[in-house]
Every structure is written in structure tokens, then in C-alpha cells.
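Novice: Under the UniProt record's numbering, the sequence shown has 131 at position 131, and the numbering climbs by one with no breaks. Glycine residues also receive a C-beta, built at the ideal position from the N, C-alpha and C atoms. In this text, all values refer to a predicted model and were calculated from it rather than measured experimentally.
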Amino acid sequence: MATGTIELAELAGGLDLYRTLESGQSYLWRREDGEMYHGDPAPGAWYSTVVDGDVIRVRSRDDRLEWESTTDAEPTVRRLLCLDDDLEAIVAAGPDDPLLREAYEAHRGLRLVQDPPFGCLIAFICSAQMRVSRIHGMVRALAREYGSPIAFDGETYHAFPTPAQLAAATEDELRDLGLGYRAPYVVRTAEMVADGEAHPAAARDLEYEAAREYLTQFVGVGEKVADCVLLFSLGFDEAVPLDTWIRSAIEEYYPDCDRGSYADTSRAIRERLGGEYTGYAQTYIFHHLRTGE
Numbered sequence: 001m002a003t004g005t006i007e008l009a010e011l012a013g014g015l016d017l018y019r020t021l022e023s024g025q026s027y028l029w030r031r032e033d034g035e036m037y038h039g040d041p042a043p044g045a046w047y048s049t050v051v052d053g054d055v056i057r058v059r060s061r062d063d064r065l066e067w068e069s070t071t072d073a074e075p076t077v078r079r080l081l082c083l084d085d086d087l088e089a090i091v092a093a094g095p096d097d098p099l100l101r102e103a104y105e106a107h108r109g110l111r112l113v114q115d116p117p118f119g120c121l122i123a124f125i126c127s128a129q130m131r132v133s134r135i136h137g138m139v140r141a142l143a144r145e146y147g148s149p150i151a152f153d154g155e156t157y158h159a160f161p162t163p164a165q166l167a168a169a170t171e172d173e174l175r176d177l178g179l180g181y182r183a184p185y186v187v188r189t190a191e192m193v194a195d196g197e198a199h200p201a202a203a204r205d206l207e208y209e210a211a212r213e214y215l216t217q218f219v220g221v222g223e224k225v226a227d228c229v230l231l232f233s234l235g236f237d238e239a240v241p242l243d244t245w246i247r248s249a250i251e252e253y254y255p256d257c258d259r260g261s262y263a264d265t266s267r268a269i270r271e272r273l274g275g276e277y278t279g280y281a282q283t284y285i286f287h288h289l290r291t292g293e
């Protein structure tokens, strides 16, 4: 077992691990007490995920982030949790906007995540009209039923399925796991990736709006889901998923940004909330409004 620590004081803006991993950005981690997206914060709780066949566990304790893994995972942990982002500079660069400042103040240390693209894509295909706890349950079920088991520290973990593993599933099987009408979307998207027809990671090489358009070729992926994948796995910090909470914020706080179409409204709210790092602004506002904190 490889282990390590990262001092939170060394991270510009710190890290709130609970808010980062339980703010609706990621469904590929699990809290090892079984209460992720169900319970209150659990200081010192382990979170785990599997990346490229390696189990990674992290927890925040005594002003440091501790990690354990099957490999030297510090570079991966830093990438997955965006630990090299300068939160202080990002907050300082934001506009003097009352709602945004309130959200930044209330949720200090919330960082973006960068999940593996295929798992992120499938998770957000599953997200349509679902509570975060249900989405997380669906993703865990997919890993349990179709992902490869990995033994680590006396426990068995399951990787998120590869495209080929998930493409082998039937629609009926996925419906039985609770995916409902999303089942054919998941199977067809997995087939597209497994067959080499397209891959979400290819969007990295495109300009932002072209990348969003590229991702909409996957079955079950509209502009909002595409923006989630761009923001939470492909490093497009300017992406703003226009979900129900952000549309409500636009209606109440930024009505002049509602331009009718998704693309035009997205451009307007990006300009209002800071451009380059609007994805951070969106994530803080989403979490702030959803939790009512």
C-alpha cells in the first residue's frame, strides 16, 4: 500500500473535501461509511474511487489530506481534486456580485473535480430528473454489476465499467438496476465509445462551444449534460451547466441573461459571472442554492 499526506495550508484557498465530493459534481467516489449524498458531513471519513485500475482513498484530518492507494497516487489525487487551482485568485477575480460572494463565503474550500471522462459522461446521462442520491446509487450499481473487482486492504472495490463492459449490458438489465428510460442511452453511448465511433476525451482538443457540440452526439446527451462533462472531467473551467438551480438563479438574480436559447443564455451568464472561471461560480451557486446553506 502506498500512502501520503498533503498539507491543506499549502493549498491556495484550502480544501473542503465534503463539499467538493458531495456537491453534485461527482458520482464516481463513494464515502466508505455508506452515507454519501445521504447524511451530514463526517469529518475524517474516507472517500474512495478507482482510476485506471488503482484504488484511491482520501480523507481530510488534522489539517491535512491523507491518501492511500495501490500506487503512488499523489499526482492523481491532485488532478482529481484540482488541488493546484488557486482558489483565492479565482474568488478574487470574480465579479462583485452579491449572490456569488455569499456562495464563495459560505462554501470556502469547495473545488472542482476532474473525473475520468467516460464515467463522468455516463453518470450525467443518468442524472436527468434525478436527485443526487439516486444518481450516485445508479452509478454504484453499474460499477458493482459490470465493473472489474479490485482487492485492496482487505476489501473489494469495483472500477466503473469500461465502455466494452457496459456495452455488453442489455437495456432490460439496466432497467432492472433502476435506470429506467436512460437504459438505452447508456447502452448506445457505451457502444459508440467501445466501437471507436467517438470518445468524450476527444472534446479536450476543441474550443469550448465546439466541444459542447461534439459531446451532444452521444445518445442522451444534451447541452446541459455536455457542459457537466466539460466542467467536471475535461478541464473547461468556463463551462456553465444550465440546470434547474442555475436557471432559477438566472430568473431571480440575472433575468437580463435569459436570452432564450441555451447557447445565448450560456454566453450571457458567463460574461456576468466572470468568464474564464465561470464554472467555479456555477458550482458554488448550485451548491449554495441546493443546500440552502
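Beta carbon of G94, beta carbon of H287: below 8 Å?
Specialist: Taking the first residue of the sequence shown as 1, we reach residue 94 at position 94. Taking the first residue of the sequence shown as 1, we reach residue 287 at position 287. No, the pair does not count as a contact, with Cβ atoms beyond the cut-off.
Novice: DSSP state of D205, grouped into three classes?
Specialist: Along the sequence shown, one-based indexing puts residue 205 at 205. Helix at D205.
Novice: Please report the distance separating the alpha-carbon of P41 from that of S60.
Specialist: Position 41 of the sequence shown, counted from the first residue, corresponds to residue 41. Position 60 of the sequence shown, counted from the first residue, corresponds to residue 60. Whole-angstrom Cα-Cα distance: 11 Å.
Novice: For H136, count neighbouring Cβ atoms within 10 angstroms of its own Cβ and tell me buried if that reaches 16, exposed if not.
Specialist: As a position in the sequence shown, residue 136 is number 136, starting the count at 1. It is buried - the Cβ of H136 has at least 16 other Cβ atoms within 10 Å.
Novice: Among T170, E252 and A123, which residue has its Cα nearest to the Cα of G220?
Specialist: Along the sequence shown, read from residue 1 onward, the residue named residue 220 stands at position 220. Residue A123 is the option with its Cα nearest to G220.
Novice: Taking W46 as part of the alpha helix (DSSP H), name the residues at either end of that continuous run.
Specialist: For the purposes of this step, residue 46 is taken as residue 46 along the sequence shown, with counting starting at 1. Here W46 belongs to no alpha helix (DSSP H), and DSSP marks it neither H nor E.
Novice: Answer yes or no: do Y104 and Y284 have a C-beta to C-beta separation smaller than 8 Å?
Specialist: The sequence position of residue 104 within the sequence shown is 104, counting from 1. The sequence position of residue 284 within the sequence shown is 284, counting from 1. A contact, by the Cβ cut-off of 8 Å.
Novice: Nearest-angstrom Cα distance between G154 and E197?
Specialist: Looking up residue 154 in the sequence shown gives position 154. Looking up residue 197 in the sequence shown gives position 197. Taking the straight line joining both Cα atoms gives about 39 Å.
Novice: Using three-state DSSP, classify Y18 as helix, strand or coil.
Specialist: Mapped onto the sequence shown, residue 18 falls at position 18. Three-state result, Y18: helix.
Novice: Quick check: the segment 188-196 against the segment 154-166, are there 3 or more CB pairs under 8 Å?
Specialist: yes
Novice: Looking only at C-alpha atoms, which of A211, D63, D115 and E88 sits nearest to R78?
Specialist: If you number the sequence shown from 1, residue 78 lands on position 78. Answer by Cα proximity: D115.
Novice: Short check: CB of L242 to CB of S261, under 8 Å?
Specialist: On the sequence shown, residue 242 is found 242 positions in, with the first residue counted as 1. On the sequence shown, residue 261 is found 261 positions in, with the first residue counted as 1. No; because the gap between Cβ atoms is not below 8 Å, this pair is not in contact.
Novice: Would you mind working out which of L112, L142, A106 and V113 sits nearest I125, comparing C-alpha positions?
Specialist: Position 125 of the sequence shown, counted from the start, is the residue given in the question as residue 125. Per the Cα distances, L142.
Novice: How many angstroms separate the CA atom of C120 from the CA atom of C82?
Specialist: Residue 120 sits at position 120 when you count from the first residue of the sequence shown. Residue 82 sits at position 82 when you count from the first residue of the sequence shown. Roughly 16 Å between the two C-alpha positions.
Novice: Which of the three DSSP states is assigned to T3 in this structure?
Specialist: What you label residue 3 is simply residue 3 of the sequence shown in a count that begins at 1. In the structure shown, T3 sits in a strand (DSSP, three-state: E or B).
Novice: Quick one: using the 10 Å Cβ neighbour count with 16 as the cut-off for buried, is G53 buried or exposed?
Specialist: Walking along the sequence shown from the start, residue 53 turns up at place 53. Counting Cβ neighbours within 10 Å, G53 comes out exposed, since fewer than 16 surround it.
Novice: Looking only at its chain, what residues have a beta carbon closer than 7 Å to the beta carbon of L174, apart from the 5 residues adjacent to it on each side?
Specialist: Taking the sequence shown and counting its residues from 1, the one referred to as residue 174 is at position 174. Once the five neighbours on either side are set aside, the close Cβ partners of L174 are A183, V186 and V187.
Novice: Would DSSP call E238 helix, strand or coil?
Specialist: Along the sequence shown, read from residue 1 onward, the residue named residue 238 stands at position 238. Coil at E238, not helix or strand.
Novice: Report the CB separation of D96 from A12 in whole angstroms; it is logged as a contact under 8 Å.
Specialist: Reading the sequence shown from its first residue, position 96 is the one you call residue 96. Reading the sequence shown from its first residue, position 12 is the one you call residue 12. Taking 8 Å as the upper bound for CB-CB distance, D96 and A12 are not in contact here, some 21 Å apart.
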